[in-house]
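Peer 1: Count along the sequence shown from 1, then add 193; that gives the number in the numbering used here. Quick reminder that beta carbons are idealized off the backbone N, C-alpha and C, glycines included. As the structure is a computational prediction, the values presented were derived from the model and not from experiment.
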Amino acid sequence: MCLSGDAHACLSLADAARAAAEVAAWAGCWRGADSALAVVTGRLLGAAAADAIAAQQQTQRAPAATRQGH
């Protein structure tokens, strides 16, 4: 099957299938990269939230400790 009469511009079914497989592979890589990025971002946000909570708890404990020292 050819899309034009020019041999260099001719796209065979095999070439089309190969190109479609390559596009699908790239799309799969991007989906995988997006998923990995989502996981890493979620872990970073979770770690940042845990750090913020720990810092807040330490701040809340510090005034009580300084009052007891008076």
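Could you give the distance in angstroms between the alpha-carbon of residue 220 and the alpha-carbon of residue 232?
Peer 2: 18 Å
Peer 1: I need the DSSP call for residue 202, collapsed to helix, strand or coil.
Peer 2: Summary for residue 202: the model assigns pLDDT 48, below 50, so the residue's position carries little reliability; its value from the coordinates is reported in the next sentence. Reduced to three states, the DSSP call for residue 202 is coil.
Peer 1: Might you give, ordered along the chain, the residues of its own chain that have their beta carbon closer than 6 Å to the beta carbon of residue 213, omitting 5 neighbours on each side?
Peer 2: Excluding residues up to 5 positions away in sequence, nothing lies with its Cβ nearer than 6 Å to the Cβ of residue 213 in the same chain.
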